[in-house]
Each structure stands twice: as C-alpha cells, then as structure tokens.
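As structure tokens, the structure follows; a few thoughts come after it.
Numbering (our numbering), first residue to last: 370 to 679.
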C-alpha cells in the first residue's frame, strides 16, 4: 500500500498530485525528510522535525501547523508493520521567476509505503563505493540542507553504477571525504578509532549518523568527527554507511579495492546490532505519533519559522 497526504487529503500515491505551477516541481524550491516507522511509531521523530525546522528556516519556507495531524492520519491509514515516510515541503505556487511571492502558501506532501528493497547481500557481504567526479560544496549556502535538488547525487550514483559499483563516494571541493549519495559514511582507522566526516565537509547531518555516534560513545569507543583525505578511508580496517531507511550497511570495497580484509568487520557488526536494538527499543517506547508530534513540533518549529511569510 502506497499512500500520500497532499494538502489535507489522504489518497492513493498513484493518483495524488500537486499543481504543475508548484515551485517544488518547477524549481526544486523545497526541502524534504525521509523517516522510518514501525507501526505508528516514527524512529527519532523529534530529530527529524528539528532538522526539518532548521532547513525550513534557512530556506525561508514556513512549516505548516498540520504536520502532526498529517503524519498521524497517514500512519493510521497505512497500517504497515514497517514503513518509509517522505515529507516534502515546497514553497508552493507563486512568484515571478525566481522571486519569492510573499503570499505563497507552502505545499505539504507526505508519502507512505513499504521500505525500499535493499540487496540482502549488502548487509552480509558489504557494498562497493566508487569515487565520483562530482563534488560536494561545503561552502554552499545550502550545504547541510535536505533540499529537493538531488541531480548531482543522481548523476554521481549513475556514474558509480556504470563503473560497476553499488554507490558513489563524494568528496568536497577541497578533496576531503564527505558522504555517499544518500547516506553518511563511517570507517575504522588502523588505530581502531571510529571516524566520520564532520559537518564542515558539507555533509547532511543524518539522524541515523547521530544515533550511531551516540551508540559508539555510550560503548566507550574512540570516535572522531573530522576532515580527512581519501587516503585515510583507503587505509581503513572496515567501513559502513548510515541512513534512515537502510540503517547500517557495511562497505567492503572502494574503487574496486578491498577495504581492510574485504569483509564485514567486527566493529561494523557490533554497531549494526546495537542500532537494530535501538530502533526496536525506541519504536516500542515512543508515545503514539500524534502525541509525540504535538510535543516535539512546538520545540522543533520555532515561531519565527511558522510566522515567516515566504
């Protein structure tokens, strides 16, 4: 079952539609969040809402107050054991060319469906990364925003797939390791420390990334967020990616060369298991989504964002 909540109505995703004049469609003028739910519980809902609010504030798009009710009604209608949610917020219809129309009403679309198919072998044997020619702009005004403009990532993934890899590795404009096309990156150094690129590299600050950092620190693992050249990743003992829908996925090859022994490492397995347990525990204990949203939205969406007129 695939459903969508579009400006107040829950519909079949196949027939749900927005205006052809919507700026999200015409200009990619919007932001989005991707979330994972079990039953009616969204994992780390408050973190997703805070990131949505932060991105909306930077994009100068007001966050509609009906987000809580929309999520709750969609999860109720979907009745899936586990589901993928995508919340898309655009500036709506209006404006002359690129100019922002003050009276524009934002468009809110939330879709719900099954979790995407991920090759089971990725979790058992690891995926492969290929360095792409595309670069992440760490100094861009939109760095760190989950914006609708994903063409660079699309082209980077296509380039990697054409070269026989599963995903692309992106560096920033100063040739520092950044992220994969839709996930954050971690690796274990020869000294045993868990490393991940810092936000200064232009990465998207992933919700799953933050959860893994918490798990690692709670386990007293040495963790470093920093800026590293490609060679540091090449010298890694093991590596993995993190994302909301895929969770923790091992990486065992880079540019056709094995990372470490070319097998899923013990540290990666440890974090995979810890994250799976965290997801299970938190989606059992979190209050009903409508109550959770009611309490988190007030904090996650500042008044200055809700009042913004475009």
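We put the beta carbon where it would ideally sit given N, CA and C, even for glycine.
{"Asked": "Per DSSP, what kind of secondary structure is residue 609 in: helix, strand or coil?", "Found": "strand"}
{"Asked": "In whole angstroms, what is the alpha-carbon distance linking residue 555 and residue 465?", "Found": "43 Å"}
{"Asked": "Relative to the alpha-carbon of residue 565, which residue among 577, 540, 596, 559 has its alpha-carbon at the smallest distance?", "Found": "596"}
{"Asked": "Hey, would you say residue 529 sits closer than 9 Å to residue 499, going by beta carbons?", "Found": "yes"}
{"Asked": "Just the C-alpha distance for residue 642 and residue 581, rounded to the nearest angstrom, thanks.", "Found": "11 Å"}
{"Asked": "Which parts of the segment 581-638 are runs of the alpha helix (DSSP H), unbroken and 4 residues or longer, counting only runs that do not cross its ends?", "Found": "599-603"}
{"Asked": "What number of angstroms, rounded off, separates the C-alpha of residue 443 from the C-alpha of residue 399?", "Found": "21 Å"}
{"Asked": "Rounded to whole angstroms, what is the Cα-Cα separation between residue 598 and residue 459?", "Found": "36 Å"}
{"Asked": "Quick check: the Cα distance between residue 397 and residue 524, rounded to an integer number of angstroms?", "Found": "16 Å"}
{"Asked": "Do residue 456 and residue 421 have their CB atoms nearer than 9 Å?", "Found": "yes"}
{"Asked": "Answer yes if the segment 583-590 comes into contact with the segment 512-520, meaning at least three C-beta pairs across the two stretches below 8 Å, and no otherwise.", "Found": "no"}
{"Asked": "What is the rounded straight-line gap between the Cα of residue 527 and the Cα of residue 491?", "Found": "18 Å"}
{"Asked": "May I ask you to report which of helix, strand or coil DSSP gives residue 471?", "Found": "coil"}
{"Asked": "Can the beta-carbon of residue 576 be found closer than 9 Å to that of residue 413?", "Found": "yes"}
{"Asked": "In chain order, what residues of the same chain have a beta carbon less than 6 Å from the beta carbon of residue 637, not counting five sequence neighbours either side?", "Found": "607, 609, 619"}
{"Asked": "Going straight from the alpha carbon of residue 424 to that of residue 511, what length do you get?", "Found": "9 Å"}
{"Asked": "Name the residue from 407, 477, 447 whose alpha carbon lies nearest to the alpha carbon of residue 401.", "Found": "477"}
{"Asked": "Count the other CB atoms within 10 Å of the CB of residue 578; is the residue buried (16 or more) or exposed (fewer)?", "Found": "buried"}
{"Asked": "Would you kindly work out how many angstroms separate the C-alpha atoms of residue 406 and residue 473, rounded to a whole number?", "Found": "31 Å"}
{"Asked": "What distance in whole Å lies between the Cβ atoms of residue 612 and residue 534, which are believed to be in contact at a cut-off of 8 Å?", "Found": "No, residue 534 and residue 612 are not in contact; Cβ-Cβ is about 17 Å, not under 8 Å."}
{"Asked": "Comparing C-alpha positions only, which one of 504, 385, 436 sits nearest to residue 540?", "Found": "504"}
{"Asked": "From the DSSP output, which residues share a beta bridge with residue 499?", "Found": "537"}
{"Asked": "With which residues is residue 640 paired in a DSSP beta bridge?", "Found": "Looking at the DSSP assignment, residue 640 forms no beta bridge with any residue, so it has no partner."}
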